[in-house]
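Numbering (the numbering used here), first residue to last: -4 to 404.
As structure tokens, this is what we get:
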């Protein structure tokens, strides 16, 4: 490992002890999490005993066996969950649905490439029996999963094929989970997780870890990326507001800014930047080019995702993205902006921004925004560790891939 390995890794470990995590302030949505924190442990047993004794207030998640009562049976269920021996588990997914799953879960259909990536993080990809078209299209990142049967293309799922395969669990995006559940349940349990929103990532990874019996792997990953996010937050929190970088972030579509509620805005905030589009209406407002000139941002960052043409794991050359960047900077009047004049215009692949690897994008943004403040930060090394350690990929970032252009070290 390079300069990142020793300096920041040691600091990350230290900060996990001395300060609270930035990204992982959440309640684990599993029945059995009686004290409503981010895990299920002996403290939940103690809390249920307090409820039974009348010394603690009842919580929704204290009803561990989901029978409408809080009693000794819930303590028994929590003990089984802690031991990894529960026969059933009831969760609240990211769509707000309450689902009870029955064990064992040995076969899974993944209806999103983001959930496929999350499953790989937990080391459970051998349980996947069906995937969506996007996974097949990303064969470099999903060398094994891309060979599985396709059960969804675009927004259309092949329900008959899913039922024919007969998985024990289907993982869908949270916004479409209810639709899939209507067609597939009760024969197949359906849960909804996005795995693309930074604010939800820790909760979703942890919940999936419990569902798949991979809690150790889930919390190992959460601790890994929280360490870097905490370092970044600790440093940018000391910056006066007037010294923060003003950024224009554009989505994959032309002139669609990353507004309030977007993943791009979340990443910008985590990296300590000020998003100039945060006050506009809509998550991805269509902007007038003149507005950008008037706002005059310090830096511009555009996301790219066009069938792997410009960037990503399948792309090894920069000619196409260089041409796209030139076109982007040549928009009428933009040559007058501070960002263009100073060469602070970057394009980046959404493969490191709107997925479980979002934290990689945050490290790149932090480096772009404040190169001196993060002189010791090596985003590529962090990215490489993620691929090797959590994705099990023999993929050398020194040789392959285009993720940020111009390149940042």
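All residues carry an ideal CB built from backbone N, CA and C; glycine is no exception.
Exercise for the section: Taking only heavy atoms of the ligand HEM into account, decide whether any of them is closer than 7 Å to the Cβ of residue 212. Expected result: No copy of the ligand HEM occurs in the structure displayed, which carries no ligand at all.
Close beta carbons around residue 405, own chain, < 6 Å, minus the five adjacent residues each side:
In the structure as shown, the chain starts at -4 and stops at 404, and residue 405 therefore has no counterpart that could be examined.
request  = Using three-state DSSP, classify residue 43 as helix, strand or coil.
outcome  = Here residue 43 refers to the residue found at position 48 of the chain shown. In the three-state reduction of the DSSP assignment, residue 43 falls in the helix class, which pools H, G and I.
Checklist entry - Assuming residue 299 and residue 260 make a contact with CB atoms under 8 Å, what is their CB distance in whole Å? => result Indexing the chain shown from 1 puts residue 299 at position 304. Indexing the chain shown from 1 puts residue 260 at position 265. Cβ-Cβ separation between residue 299 and residue 260: approximately 18 Å, too far for a contact (criterion under 8 Å).
I think residue 374 touches residue 116, with their Cβ atoms under 8 Å apart; what is that distance to the nearest whole Å? Reading the chain shown from its first residue, position 379 is the one you call residue 374. Reading the chain shown from its first residue, position 121 is the one you call residue 116. Contact between residue 374 and residue 116 does not hold, since the beta-carbon distance rounds to 19 Å and is not under 8 Å.
Along the beta strand (DSSP E) that carries residue 286, what are the first and last residues, could you check? In the chain shown, the residue the question calls residue 286 occupies position 291. It is not in any beta strand (DSSP E) - residue 286 instead sits in the alpha helix (DSSP H) that spans 284 to 290.
Kindly indicate which three-state DSSP category residue 341 falls into: helix, strand or coil?
As a working note, residue 341 is residue 346 in the chain shown. Residue 341 falls in the strand class under three-state DSSP.
Open item on the list: Classify residue 95: buried if its beta carbon has 16 or more other beta carbons within 10 angstroms, exposed otherwise.
Closed with: Along the chain shown, one-based indexing puts residue 95 at 100. When all chains shown are included, residue 95 counts as exposed.
So who's on the other strand from residue 297, going by DSSP bridges?
Locating residue 297 in the chain shown gives position 302, counting from the first residue. DSSP lists 245 and 342 as partners of residue 297.
Check your understanding: If you draw a straight line from the alpha carbon of residue 182 to that of residue 111, how long is it in whole angstroms?
Key -> As a working mapping, residue 182 is identified with position 187 in the chain shown. As a working mapping, residue 111 is identified with position 116 in the chain shown. For the pair residue 182 and residue 111, the Cα-to-Cα distance works out to about 22 Å.
Helix, strand or coil for residue 314? Go by DSSP, reduced to three states. Mapped onto the chain shown, residue 314 falls at position 319. In the three-state reduction of the DSSP assignment, residue 314 falls in the helix class, which pools H, G and I.
Residue closest to residue 245, alpha-carbon to alpha-carbon, out of 67, 221 and 272
Translated into positions along the chain shown, residue 245 becomes position 250. Taking only the C-alpha atoms, the option nearest residue 245 is 272.
The beta strand (DSSP E) with residue 397 in it runs from where to where? Locating residue 397 in the chain shown gives position 402, where the first residue counts as 1. Taken as a continuous stretch (DSSP letters only), residue 397 belongs to no beta strand (DSSP E), as it is neither H nor E.
Practice problem: Could you please give the first and the last residue of the uninterrupted alpha helix (DSSP H) stretch that includes residue 258? | Solution: Locating residue 258 in the chain shown gives position 263, counting from the first residue. Here the alpha helix (DSSP H) through residue 258 covers 258 to 265.
Review point. Can you pull the DSSP bridge partners for residue 210?
Key: For the purposes of this step, residue 210 is taken as the residue at position 215 of the chain shown. Beta-bridge pairing links residue 210 to no other residue.
Grouping DSSP H, G and I as helix and E and B as strand, with all else coil, what is residue 143?
Taking the first residue of the chain shown as 1, we reach residue 143 at position 148. Taken through DSSP and simplified to helix, strand or coil, residue 143 comes out as coil.
Report task. Can you tell me which of 362, 28 and 171 puts its alpha carbon nearest to the alpha carbon of residue 149? Result -> Residue mapping note: residue 149 aligns to position 154 of the chain shown, counting from 1. Relative to the Cα of residue 149, the nearest Cα in the group 362, 28 and 171 belongs to 171.
**OP:** Output the residue ranges of the alpha helix (DSSP H) runs that lie fully inside the region 182 to 232 and measure 4 residues or longer, sorted by chain position.
**Re:** As far as the region 182 to 232 is concerned, its whole alpha helix (DSSP H) runs of at least 4 residues are 193 to 206 and 210 to 231.
Could you check whether the region 115 to 133 touches the region 62 to 75, counting it as contact only if at least three pairs of C-beta atoms, one from each stretch, sit closer than 8 Å?
Cβ pair count under 8 Å is below three, so no.
Counterpart residues of residue 166 in DSSP-defined beta bridges: Counting from 1 along the chain shown, the entry for residue 166 is found at position 171. DSSP output for residue 166 lists 105 and 186 as bridge partner(s).
Could you give the distance in angstroms between the alpha-carbon of residue 136 and the alpha-carbon of residue 79? For this step, residue 136 is matched to residue 141 along the chain shown. For this step, residue 79 is matched to residue 84 along the chain shown. Near 30 Å, if we compare the C-alpha coordinates of residue 79 and residue 136.
Tell me, which residues are paired with residue 148 by DSSP? Along the chain shown, one-based indexing puts residue 148 at 153. In DSSP, residue 148 forms a bridge with 151.
Subject >> Member of 266, 87, 360 and 353 whose CA lies at the smallest distance from the CA of residue 219 >> reply: Position 224 of the chain shown, counted from the first residue, corresponds to residue 219. Residue 353 is the option with its Cα nearest to residue 219.
* residue 367, DSSP secondary structure in three states -> For the purposes of this step, residue 367 is taken as the residue at position 372 of the chain shown. Residue 367: coil per DSSP, three-state reduction.
Margin query: Count Cβ pairs between the region 363 to 381 and the region 320 to 327 that sit closer than 8 Å; are there 3 or more?
Written below: No, because fewer than three Cβ pairs between the region 363 to 381 and the region 320 to 327 fall closer than 8 Å, the two stretches do not touch.
*residue 288 to residue 336, Cα distance in whole Å?*
As a working mapping, residue 288 is identified with position 293 in the chain shown. As a working mapping, residue 336 is identified with position 341 in the chain shown. Their Cα atoms are separated by approximately 12 Å.
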